[in-house]
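Peer 1: Numbering-wise (the working numbering), the sequence shown opens with residue 11 and increments by one.
Below is one structure. I have some questions about it.
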Amino acid sequence: MLDFQSRESDLRSICRTWLGPRAVELEQLDSGGFSGSAVIRVRGPGGDGGFVLKSFSAPTPRARIEWIHRLMRHLRAAGIAEVAEVMMTPSGDTIAVDATGRSWELVRFVAGSATDSPTLPQSQAALHCLARVHVAAATLPCSPLHWEVPAAVQRRVEHAQRLLATPWCGPLQGMPRELTPLQRAVWDLRDRAAEAFEAAAGTAAVQRVAAVRPRPLPVQAVLRDIWCDHVLYDPIHPDRVAGMIDLHAAAIDTPATDLARLVGSWRRALGTSLRARWGEALAAYELVRPLREGERSLVPWLHATGVVCGLDNWFRWSLAEAREFVRPGQALERMERLLDQVPECLDELNTAAPSGV
Numbered sequence: 011m012l013d014f015q016s017r018e019s020d021l022r023s024i025c026r027t028w029l030g031p032r033a034v035e036l037e038q039l040d041s042g043g044f045s046g047s048a049v050i051r052v053r054g055p056g057g058d059g060g061f062v063l064k065s066f067s068a069p070t071p072r073a074r075i076e077w078i079h080r081l082m083r084h085l086r087a088a089g090i091a092e093v094a095e096v097m098m099t100p101s102g103d104t105i106a107v108d109a110t111g112r113s114w115e116l117v118r119f120v121a122g123s124a125t126d127s128p129t130l131p132q133s134q135a136a137l138h139c140l141a142r143v144h145v146a147a148a149t150l151p152c153s154p155l156h157w158e159v160p161a162a163v164q165r166r167v168e169h170a171q172r173l174l175a176t177p178w179c180g181p182l183q184g185m186p187r188e189l190t191p192l193q194r195a196v197w198d199l200r201d202r203a204a205e206a207f208e209a210a211a212g213t214a215a216v217q218r219v220a221a222v223r224p225r226p227l228p229v230q231a232v233l234r235d236i237w238c239d240h241v242l243y244d245p246i247h248p249d250r251v252a253g254m255i256d257l258h259a260a261a262i263d264t265p266a267t268d269l270a271r272l273v274g275s276w277r278r279a280l281g282t283s284l285r286a287r288w289g290e291a292l293a294a295y296e297l298v299r300p301l302r303e304g305e306r307s308l309v310p311w312l313h314a315t316g317v318v319c320g321l322d323n324w325f326r327w328s329l330a331e332a333r334e335f336v337r338p339g340q341a342l343e344r345m346e347r348l349l350d351q352v353p354e355c356l357d358e359l360n361t362a363a364p365s366g367v
């Protein structure tokens, strides 16, 4: 995590790449994520909304950052004002590199608030906006829509094969001898996950995923990390989307991955089934961008596999790789929430025909 006080002078120097010698106020923001990127609010004396200075996780190749910025500019040119404006330096660049070699961007600040429990109008507005993003992104000149096996599907199949070889009920290679308080809590959670996995016929579900032979589907530029914290609602008109922020994970994949990521991040009312939630979500999205049949059936599959594979990733990061998290309590909460969804997701994988993959 960035040591804001010790690096404030460096941050001001980076801001001058875009803003010149103008006086600015800097405030470190909580990114809410675990990528390690620094997020700084930049306020100027002009009375406008200001900017956000954000670092890219290291190492991110310059060519990839340039592609992300081309996508952002393309979306705004297509009328997607909800995507933040990426600022250009006087020399026409959009990237600044600090003394450590880390790359930074400056984008226009978007005022708004996020929620993991949107109202029906809010969820519909978010899905309409996401559909508009997908329609526009499909025409990105450097990465037009084409057909291939979606990367998200291939990754899940390969992850399922690894999970069969190293199940949660077995030993974990690379475990340290001395466990931190977080690791002890995660180890206990892994034991609970193994019990839930066994009770829900998890091995059979993962075997079904591992046996999938992915087929080509339409792929294009998508956001990939579009979850509840990255959708901001207007502070005056809360049923309107003010912004879809943080496109650093954008890549070429199936649009279904964005739908699964966003809708899967929302808490749903008690008594609402998983199938009912997907039906409502896809209906709202399809008012703007109709889904192909392969895409439609892929959305719940990506969500279900994402929960299982995501929890497995957290176990590996926390235990085998002994990663340290600035907010360990939030990391554990993220794992608990995934674990709560495991039985339902395994049931989905055991009962749904994998026609979309």
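Beta carbons: idealized from backbone N, C-alpha and C, even for Gly.
(1) Can you list, in chain order, the residues of its chain with a C-beta nearer than 7 Å to that of S365? Leave out the 5 residues immediately preceding and following it.
(2) From which residue to which residue does the alpha helix (DSSP H) around E371 run?
(3) Quick check on the burial criterion: 16 or more other C-beta atoms within 10 angstroms. Buried or exposed for E205?
(4) For L199, tell me which candidate among F325, R74, C139, A252 has the shortest Cα-Cα distance.
(5) What number of angstroms, rounded off, separates the C-alpha of L349 from the C-alpha of L359?
(6) Can you tell me whether D256 is buried or exposed? The criterion is at least 16 other CB atoms within 10 Å of its CB, across all chains shown.
(7) Where DSSP assigns a beta bridge to V107, which residues make up the other side?
(8) Pull the bridge partners of P228 from the DSSP assignment, please.
(9) If we ignore side chains and look at the alpha-carbon of each, how far apart do E163 and M82 end up?
(10) According to DSSP, simplified to helix, strand and coil, what is R333?
(11) What residue does the alpha helix (DSSP H) around A270 start on, and which one ends it?
(12) Determine the direct distance from the alpha carbon of Q38 to that of V241, and round the result to whole angstroms.
(13) Out of G274, T267, M254, P71, point me to the one whose CA is closest to V3's CA.
(14) Restricting to Cα atoms, I'd like to know which of M185, G274, S133, R337 is closest to A330.
(15) Determine contact between the stretch 223-239 and the stretch 113-128, defined as no fewer than three beta-carbon pairs at a distance below 8 Å.
(16) Check whether the Cβ atoms of G60 and V49 lie closer than 8 Å to each other.
Peer 2: To lay it out plainly:
(1) Because the pLDDT of S365 is 49, which lies under 50, any placement of that residue in the model is unreliable, and the number read from its coordinates should be weighed accordingly. Here the set comprises S307.
(2) What is shown of the chain runs 11 to 367, which leaves residue 371 out entirely.
(3) Looking at its Cβ environment, which holds fewer than 16 other Cβ atoms inside 10 Å, E205 is exposed.
(4) For L199, the nearest C-alpha among the options comes from F325.
(5) The alpha-carbon separation between L349 and L359 amounts to approximately 15 Å.
(6) Counting Cβ neighbours within 10 Å, D256 comes out buried, since at least 16 surround it.
(7) The beta-bridge partner set that DSSP reports for V107 consists of S113.
(8) DSSP output for P228 lists W157 as bridge partner(s).
(9) Note on residue identity: the sequence assigns Val, not Glu, to residue 163. V163 and M82: Cα-Cα distance of roughly 25 Å.
(10) Residue state for R333 is assigned as coil, using DSSP reduced to three classes.
(11) Judged by DSSP secondary structure, A270 falls within the alpha helix (DSSP H) whose first and last residues are 266-274.
(12) A direct Cα-Cα distance of roughly 20 Å separates V241 from Q38.
(13) This structure gives no information on residue 3, because the portion of the chain shown stretches from 11 to 367.
(14) Ranking M185, G274, S133, R337 by Cα distance to A330 puts M185 first.
(15) They touch, by the three-pair rule.
(16) Against a cut-off of 8 Å, the Cβ pair of V49 and G60 comes out as no contact.
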